[in-house]
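Engineer: Structure in structure tokens, see below.
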Amino acid sequence: MAHYRRVGHVPPKRHTQHRHSGGGDGGERLYFEELMGEEGFSSDSSLLYHREIPSAIVDSRVWDVPDQTTTPNHPLRPRHLKLHELFPKETWSETDVVTGRRTILANGDVRLSYVVSAADSPLYRNATGDEIVYIESGTATVETVFGVVEAKQGDYVVIPTSTTHRWLPTGDQPLRAYAIEATGHVAPPKRYLSRYGQFLEHAPYCERDLHGPGEPLQADGTDVEVLVKHRTSRGITGTRLTYARHPFDVVGWDGCLYPFTFSVHDFEPITGRVHQPPPVHQVFEGHNFVVCNFVPRKVDYHPLSIPVPYYHSNVDSDEIMFYCGGDYEARKGSGIGQGSVSVHPGGLAHGPQPGAYERSIGVEFFDELAVMVDTFRPLELGEGGLACEDDAYAWTWAGRR
1 MAHYRRVGHV PPKRHTQHRH SGGGDGGERL YFEELMGEEG FSSDSSLLYH REIPSAIVDS
61 RVWDVPDQTT TPNHPLRPRH LKLHELFPKE TWSETDVVTG RRTILANGDV RLSYVVSAAD
121 SPLYRNATGD EIVYIESGTA TVETVFGVVE AKQGDYVVIP TSTTHRWLPT GDQPLRAYAI
181 EATGHVAPPK RYLSRYGQFL EHAPYCERDL HGPGEPLQAD GTDVEVLVKH RTSRGITGTR
241 LTYARHPFDV VGWDGCLYPF TFSVHDFEPI TGRVHQPPPV HQVFEGHNFV VCNFVPRKVD
301 YHPLSIPVPY YHSNVDSDEI MFYCGGDYEA RKGSGIGQGS VSVHPGGLAH GPQPGAYERS
361 IGVEFFDELA VMVDTFRPLE LGEGGLACED DAYAWTWAGR R
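For the sequence shown, full-length UniProt numbering assigns the number 1 to the initial residue and increments by one for each residue that follows.
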């Protein structure tokens, strides 16, 4: 995301001496510069200035990551997953956003998971790709090596690859979080940006809607453990790294790579005289997948319009919809409600439930909130998805629920 920020203390010129007092002998010590960049040295980056050497580790052990196994969607059918059934209330106080995630769906490009958490997470770094975490409800403080971002209901929390961070739920309610983990990087759609990376006038959101960290944390500590999710030739695995000093010892940074929040409520919907296709709802793109959000909006105003979606076949993609607010007109009668995920795989036609097509005629406004992920390779079901499936959903169009 090429939107420059500068936080804390940085030298006037990059890759030059940056000193501070406190060397113990009355002299000045150097801060240690760390370049955090994507795609080698060929894409967005930031420079961070640490009080201590950022690569000093004293231990490395195996971390058994949460269950990553998946099962093919075979025989092929649409599915309804009821995420609110996954975490009974008695588990909330002992569940954190990192180790408590349960995989819903996954392929080689993206992994979708869900968690309900009231416990602080350990320090964590995802070295497999960027993360987009959507906050269904609750609030949290997310401490990162860049500083703090505050997350609330409706926020996307975007965390670049290998950003050390931890989740601290706040408030009286548990944090309900829907995690979209890429195996690469995510960004706004290219059609929203100028050739230099600025949001264009037709984009449904802009730089003012993105909220990055403020001041650095400058935490202290020794022998600090960080859980790292990473890849091997055999798939995703984990390591417990112990650092000699706390990673949050950054005094300043600048650049175009950092975590940020974006509220779904700041997305300005694009509407038209007839039904608009899903790309108008797009908010992010990754390698072989896109993220869209459906927000409350006025709908089609042609005198003969049918506001709900037309029936369509996903010939090249799986369509995954997470229903997280409002009243979703097209799904009435299917059993879908708050906290549901619908899985409409490539190879099948899908669309409104019986009766919704006719009922929508004359409707002027949809009060709905949903996050959609479309993938361009088939998704498989994770253990969490298998554990909360509504087996009757596939037959609801035929009236056989």
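Here a beta-carbon is modelled for each residue, glycine too, at the ideal position from N, C-alpha and C.
1) Could you tell me which residues DSSP puts in a beta bridge with residue 135?
2) To the nearest angstrom, how far is the alpha carbon of residue 14 from that of residue 356?
3) Pull up the distance between the alpha-carbon of residue 79 and that of residue 318, whole angstroms please.
4) Expressed to the nearest angstrom, what Euclidean distance is found between the alpha-carbon atoms of residue 231 and residue 238?
5) Is DSSP giving residue 190 helix, strand or coil here?
6) Determine the burial state of residue 58: buried for a count of at least 16 other Cβ atoms within 10 Å of its Cβ, exposed for fewer.
7) Whose C-alpha, out of 45, 46, 75, is nearest the C-alpha of residue 348?
8) Determine the contact status of residue 18 and residue 33, defining contact as a CB-CB distance below 8 Å.
9) Please report the straight-line C-alpha distance between residue 211 and residue 148, rounded to a whole angstrom.
10) If residue 332 and residue 65 are in contact, beta carbons under 8 Å, what's the gap, nearest whole angstrom?
11) What residue from 308, 281, 249, 136 has the CA that sits closest to residue 430's CA?
12) Run through the segment 196–259 for me and flag every whole beta strand (DSSP E) of 3 or more residues, listed as ranges in chain order.
13) Where do the ends of the alpha helix (DSSP H) carrying residue 111 lie?
14) Here's a check: name, in chain order, each residue in its chain whose Cβ is nearer than 7 Å to the Cβ of residue 390, leaving out the five neighbours to either side.
15) Does the distance from the C-beta atom of residue 283 to that of residue 104 stay below 8 Å?
16) So residue 286 is in the beta strand (DSSP E); what residue range does that whole segment cover?
17) How about residue 297 and residue 279: are their beta carbons less than 8 Å apart?
18) List in chain order: all unbroken beta strand (DSSP E) runs of 3+ residues lying wholly within the UniProt domain "Homogentisate 1,2-dioxygenase C-terminal" (306–397).
19) Out of 184, 201, 186, state which residue places its alpha-carbon closest to the alpha-carbon of residue 192.
Structural biologist: Walking through what the data contain:
1) For residue 135, which the question treats as bridged, DSSP gives the partners 177.
2) 59 Å
3) 11 Å
4) A direct Cα-Cα distance of roughly 8 Å separates residue 231 from residue 238.
5) helix
6) exposed
7) 75
8) Closer than 8 Å, so yes.
9) 10 Å
10) Rounded to the nearest angstrom, the Cβ distance from residue 332 to residue 65 is 39 Å, too far for a contact under 8 Å.
11) Not covered by the structure: residue 430. The range shown for the chain is 1 to 401.
12) 222–232, 235–245, 250–255
13) It is not in any alpha helix (DSSP H) - residue 111 instead sits in the beta strand (DSSP E) that spans 110–117.
14) 80, 82, 335
15) no
16) 282–286
17) no
18) Listed in chain order, the complete beta strand (DSSP E) runs (minimum 3 residues) inside the UniProt domain "Homogentisate 1,2-dioxygenase C-terminal" (306–397) are 318–326, 340–344, 368–375, 380–382.
19) Taking only the C-alpha atoms, the option nearest residue 192 is 201.
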